[in-house]
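Residue numbers (the working numbering): 181 to 266.
See structure below.
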């Protein structure tokens, strides 16, 4: 899929995503995977975001990322995705 890439992050509140046109791809990881995703500390300017470039992960610097699990979801026009608060 071509388009804009949003850096991997987590939100502290629930989200509802409604897609009115086109396609949008999400890669979703359970909160129990956070340690493998190398999140910046909460007080860091990029807090809530992963230090890893998921398009080209550096497995030497971030070896635990290789063991992270996630689900890929591709939304199409008319789809709704609800992400509850954890």
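The beta carbon of each residue, even a glycine, is placed where N, CA and C say it ideally should be.
Local conformation of residue i per DSSP, three classes
i	result
residue 244	helix
residue 212	helix
residue 239	coil
One or two residues paired with residue i in a DSSP bridge
i	result
residue 252	207
Host beta strand (DSSP E) of residue i (start-end)
i	result
residue 196	195-198
residue 184	First-last for residue 184: undefined, no H or E at that position.
residue 263	260-263
Buried versus exposed call for residue i [16 or more other C-beta atoms within 10 Å across all chains shown]
i	result
residue 197	exposed
Sequence-distant residues of the same chain with beta carbon closer than 6 Å to residue i, five excluded per side
i	result
residue 252	207
8 Å CB neighbourhood of residue i in its chain, flanking five on each side removed
i	result
residue 260	196, 197, 198 and 199
residue 218	230, 231, 232, 242, 244 and 245
residue 249	209, 210 and 213
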